[in-house]
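At position 168 of the sequence shown (counting the first as 1) the number is 168 in full-length UniProt numbering, and the numbers step up by one without a gap.
Here a beta-carbon is modelled for each residue, glycine too, at the ideal position from N, C-alpha and C.
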Amino acid sequence: MAPVAVEVAIEMDAPDSMKRLVGVTSDYQPLSEPPPEEPAIPESPYSPSPHNRLIFINKTESQKFCSNEISTAKYNLFTFLPKFLFEQFRKYANIFFLFIALMQQIPNVSPTGRYTTAVPLMLILSVSAIKEIIEDIKRHRADGNVNNRLVAVHRNGKWMDVRWKDVLVGDIVKVDDGAYFPADLILLSSSEPQAMCYIETSNLDGETNLKLRQGSPATSSIVTGEKLTELRGMVECEPPNRFLYEFVGNIRIGSNISAKRDAFESKFMKKISLSLAWQHLDAVPLGPDQILLRGACLKNTSWIYGLVIYTGHQSKLMLNSTTTPLKRSNVEKMTNKQILLLFLLLVLLSLVCAVANHIWVLSNEDAHWYLFFHVKWEYGDLVRTNFGYNLLTFIILYNNLIPISLQVTLEMVKFVQAIFINWDQDMYYERTKTHANARTSNLNEELGQIKFLFSDKTGTLTQNIMRFSKCSIAGIIYGNNEESKEKFNDDRVLKNLQSEHETAPIISDFLMLLAVCHTVVPQIDENTGEIHYLASSPDEAALVKAAKEMKHVFTTRTPDYVVVDMLGQPAKYLILNVLEFTSKRKRMSVIVRTPDNRILLLCKGADNVIYERLGSDKTYTEETLSHLEQFASVGLRTLCLAKTEISEEFYKEWSNTFYKASTAIQDREQKLEEVAELIEKDLQLLGATAIEDRLQDGVPETIDILSKADIKIWVLTGDKQETAINIGYSCKLLNHSMDLVIINENSLDTTRDALVRHKAQFGEMLGKENYVGLIIDGQSLKYALTCDCKQDFLDIALSCRAVICCRVSPLQKAELVELVKVSQNAITLAIGDGANDVGMIQAAHVGVGISGEEGLQAACASDYSIAQFRFLQKLLLVHGAWSYSRVCKLILYCFYKNICLYVIQFWFQLSNGYSGQILFERWTLGLYNVIFTAAPPIAMGLFDRFCSAETMMKNPILYKDSQTGNLFNVVTFWVWITNAIFHAIVLFWMTVATLRYDVAFPDGKVGDYLFLGNFVYTYVVITVSFKAGLEIVAWTWLTHLAIWGSIVCWFMFLVVYSHVYELIGFSAEMTGMDRYVLSCSLFWFGLLLIPFTALLRDIVWKVIRREFFKTHRQSVQELEKAHKEIKIESTLRKKLRPISERARLLSRNLMNLGDRIVGGRRTQTSASGDTAHDSLSEVPIHIVSRENIHYDGFAFSQEEHGAVNQAEYIRAYDTRQAKPQGF
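So this is what it looks like as structure tokens:
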């Protein structure tokens, strides 16, 4: 809602303050003619646009913007009926039955009554509606948990706790450490110097490092309630948009606060141009560094004050989310297609019967004139020959070839399957008391067909907890024992330091470097006296904490120096210069003056950049390099530590050069890098660190199992490439025998060239799965997803066993999922825990959210939520595979049993002149799906299982049977339909043959068509019940009850229904039918012979398949029954080929013969034989063969080019001074 500027129109009774505000004095007199023109007033340099958003600080009641309430539910009170009906009537079966129900209302058309379809259809829709309501109530409750969170809001001069949903644009809110921002805010002030604060955005972009934000200088001093109460001003900013990292605005704070407050509160404010009221005030620019986005979390900062600018669904987080889609399973889509074909078959049968009836009537009108006497009398020849009426009659007669009970049975079964998922104690997370939650039951069977799994990294695979795990000092490895999980506890470090060990000086320098070379700020807890560290880099926090555990405690930071308590003795180090970390430099250095007045350069960074800058002393280099490879092999994040001593003369000269570079107008960043190169040399290697980016429990095992189930896993993360590769190795998605394809490009042309080159390198193996991993960054991906490159990228990605995409935006995540979803005939699953994952969760066929922690955005938008990634194993391999098998059997069986009965109606038409007469009594026919055959498909859908849960978990290769979709496809469907038609032929014609010579009873009566019909009906019920028994694998007492109970129910119904005519007043023709049927010896003879004959083909085929065409499943079933150990070796790994040899050969044709990959760096051999090295970051790796790869495990998270550079940031703090407490 963009405010529109209005004309200046001041009424004469306006207050003087208002007139002065717009330049109108008390002696103003209206003019009859326009006044003479005055010199033009210069326009404000930043005039408000009618499209911009204007926000008046501390004035919320008059501003009409979007509510802060969010909803991820599918329905509300007003949209439920239309959206629900739209979703239900997307199912072709429901459309068909609605048509049948309407046709049955036409008099004298329906042979089965007027309500035999309408009532079941209403029942189906009612059950579906109840299920949807229950599931959507869960979504509303989850939304309510978010909307009803409390936040402190400053209104009307006082603080109050307000629910998130009631927060308004223009409110000033206070957010405390560890809390999430309730809306998009402008940072006004904070507890930290210069209005700085740390935020964690892993919920938005997946990055693990904290980011620094800084409020505007115009508001940084507002730290008390009194100042907030007096604060008046205006913020003008761009309208809401989805760009997370872009923001443009201005803030204007008035000097005469009381006068402006009076002006704002005047009733004439609405008539004044908003720009005119504020244009004389100076505008202070606002940018991305001043905005705090909903979904981000405040960290390491006691509190902040923020002005609300975007709320609810206009926040950037929600604008990056899509509306909750209406998803349908692949099985449901396939069923819809087969229903269309069955409908065509139904119409064909109806046409055949209508035409045959017309021919029969014309041929037998004279011979059987008595049949048409009443027709001519009542309706005349027109009705008798009305082809259209007859066609409708047959369509209604055959309508149950498409089972009306299928939808309600499916809804009930899927709903209970979802309850099974919710109740599964193996997916219960004790720490957070969180169960798995099936937020929808429509996609249960999809869980059994997953081919591509797209996973977020941060918070999904990892805990976002960095732990100092091991280190190498002077060629000696120190590390935690197996019992320690939280702290570094190798006592040898301090023992060697405090003894006369030869490495003691190196250990001392190593620990000193950990405690000094960083941008961490210490904070002392006033209650406990404990020191906590505030760090934007989780790596640095882990390093400083490790130094603390080894008795080198970083205690104080001031703008000029730091204090470290070294073995109980405080030491002051003057901070002379900070050379910032960047992903290009891959290192950070601090120049300090030590207590003994020496100047040291302390440096930490990647092994290649440190080793290139070592001096003549190469001690420990080989040992340390070996240790780095050991650390990297288990997925640890590594850094090398080094130092050098600098002379006073050199430092003074260098300092002057550094000052000139830091104040340069042009190419400042490049000049600073060049100056750093002058001093970062002749280093002495001290050692290396190894930090564990702790994985969620069971992640490596789960990924290994899912990979064996032939599920392709793609990790999509907003984190850095080095971090993502580290996690790839630690979670076993990558391993050191795997070739890597790494793409880092920065233009469309180079990306296109790289993709074409890699396609050629795959050669004949392109499109086949190879033992290769693909690593691509977000910049390259931006170009790879364009129309020119999309197919090439997809071809390469599908040829790789694992794919890791780094630095990707939420939109790119969704685009990747959509690309695979559309281009491949495969089911996709996306899993994540953050708001940045919502897009891909909703784009995938199945979306899974990680719940149980504070961020619930992904869980609220998901189809299923679990508390840990490891629970995905049972969700897919057990619940998914079981649900798919059960649902497939249920659907096939429902079609089978209906066709088995209703095709008999067609055979009966051959004997009755195609009159549309039904063979069975109408209520008997109507209760066929409701009572007599309702239980077996439900038992199949709920209790049948081909293997136990333990066997499924241990043998993931069994998942392929459901993954390939072999249990339900076009061929399987029509095999079942053909079998049903065959059974119908046997059951009808054998019964007719049995009664060929009629039956006479003692009372002189003979059997009529209902007598035949009850024979056939009984045999059908028994046959379809036994057919269910043949298909069921896991027999339970409930299964037995369903099979045998269905047969018993029919016999009981036959007996009771044959004696109730006097009570219910209809179906007189069924009176005494039980006596006629059950006393007939032919009935019992047929009962033993006819169902068995119909099922003989099924039994024989089942035996042949078991003996000669045994599947993995059947082998496992036999071993389970024999209680033998089950182990099926997957042949998957044998199919995967590395491409090292092929890549090397092809590369000679595609690249310069002098190029090769050695030690993780690209090297080029000159004609003279010299080898020149350049950084891996400067020349992209193409295919890195496992024989040549040297992976050092380097990874370091640090915000780059933030609101405040690292040097300015650390000089802004003085931890000796108390921080403001806020209100």
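Checklist entry - Which one or two residues does DSSP pair with Ala642 in a beta bridge? => result Cys603 and Leu685
Checklist entry - Just checking, does the stretch 291–299 make contact with the stretch 201–220 on the three C-beta pairs under 8 Å criterion? => result yes
Checklist entry - Is it buried or exposed for Met122, if we count other Cβ within 10 angstroms and need 16 for buried? => result Counting C-beta atoms within 10 angstroms of its own C-beta, Met122 has fewer than 16 neighbours from the protein chains shown and is therefore classed as exposed.
Checklist entry - DSSP three-state call for His532: helix, strand or coil? => result Note: His532 maps to strand in three-state DSSP.
Checklist entry - Leaving out the 5 sequence neighbours to the left and right, which residues in its chain are closer than 8 Å to Asp490 when beta-carbon positions are compared? => result Tyr478, Gly479, Asn480 and Asn481
Checklist entry - Is Cys789 helix, strand or coil by DSSP? => result coil
Checklist entry - Counting Cβ pairs, one atom from each stretch, are 3 or more of them under 8 Å apart for the stretch 686–703 and the stretch 725–738? => result yes
Item to check | For Asn399 and Asn357, the rounded distance between their alpha carbons | outcome: 18 Å
Item to check | Ala438 - partner residues in DSSP beta bridges | outcome: Tyr864
Checklist entry - Taking Cβ to Cβ, would you say Gly306 is nearer than 8 Å to Ile70? => result No, the pair does not count as a contact, with Cβ atoms beyond the cut-off.
Next on the checklist: Between the alpha carbons of Arg870 and Ile309, how many angstroms are there, rounded?
Outcome noted: 39 Å
Checklist entry - Going by C-alpha distance, which of Phe56, Phe420, Tyr92 and Thr116 is nearest Glu921? => result Thr116
Checklist entry - Candidates Val590, Asp788, Ser583 and Lys548: which alpha carbon is nearest Pro570's? => result Lys548
Next on the checklist: Quick check on DSSP: helix, strand or coil for Val563?
Outcome noted: Correct three-state label for Val563: strand.
Checklist entry - CA-CA distance, Ala1207 and Gln194? => result 14 Å
Checklist entry - Grouping DSSP H, G and I as helix and E and B as strand, with all else coil, what is Arg90? => result The answer is coil: DSSP assigns Arg90 none of H, G, I, E or B.
Checklist entry - Taking C-alpha atoms, which residue in Ala515, Leu513 and Leu534 lies nearest to Gln523? => result Leu534
Checklist entry - To the nearest angstrom, how far is it from the Cα of Asp739 to the Cα of Pro810? => result About 28 Å.
Checklist entry - Would you say residue 1226 and Gly773 are within 8 Å of each other, going by their C-beta atoms? => result With the chain running from 1 to 1223 in the structure shown, residue 1226 is simply not present.
Checklist entry - Going by the beta-carbon positions, is the gap between Val609 and Lys586 smaller than 8 Å? => result yes
Next on the checklist: Considering only the alpha carbon of each residue, which of Ile646, Lys708 and Glu674 lies closest to Gln684?
Outcome noted: It is Ile646.
Next on the checklist: Along the chain, where does the beta strand (DSSP E) containing Glu236 start, and where does it finish?
Outcome noted: Gly233 to Cys237
Checklist entry - Does the beta-carbon of Gln761 have 16 or more other beta-carbons within 10 angstroms, so that it is buried, or is it exposed? => result buried
Item to check | Cβ-Cβ separation, Ala858 to Lys821 (assumed contact under 8 Å), whole Å | outcome: Contact doesn't hold; Cβ gap of about 18 Å is too wide.
Checklist entry - Is the beta carbon of Pro111 sitting closer than 8 Å to the one on Thr393? => result yes
Checklist entry - Hey, how far is the Cα of Cys805 from the Cα of Gly287? => result Distance between the alpha carbons of Cys805 and Gly287: 28 Å.
Checklist entry - Quick one: is Phe1092 buried, meaning 16 or more other Cβ sit within 10 Å of its Cβ, or exposed? => result If you draw a 10 Å sphere on the C-beta of Phe1092, you find fewer than 16 other C-beta atoms in it, and that means exposed.
Item to check | Three-state class that DSSP yields for Gly1154 in the structure shown | outcome: With a pLDDT of only 32 at Gly1154, under the threshold of 50, the placement of this residue in the model should not be trusted; the figure read from the coordinates follows. Residue state, collapsed to three classes: coil.
Next on the checklist: Give me the DSSP bridge partner(s) of His552.
Outcome noted: Met566
Checklist entry - Is it the case that the Cβ atoms of Asp795 and Val756 are separated by a distance below 8 Å? => result no
Next on the checklist: On the criterion of 16 or more Cβ atoms from any shown chain inside 10 Å, does Arg996 qualify as buried, or is it exposed?
Outcome noted: exposed
Item to check | Opening and closing residue of the alpha helix (DSSP H) in which Pro1091 lies | outcome: Ser1081 to Phe1108
Item to check | Cβ-Cβ distance between Tyr92 and Asp136 below 8 Å | outcome: no
Item to check | Extent of the continuous beta strand (DSSP E) to which Tyr198 belongs | outcome: Met196 to Glu200
Next on the checklist: Spatial neighbours of Leu1082 within its chain, please: C-beta separation below 6 Å, excluding the five flanking residues on both sides.
Outcome noted: Thr994
Next on the checklist: Measuring only the C-alpha atoms, how far is Phe247 from Asp289?
Outcome noted: 9 Å
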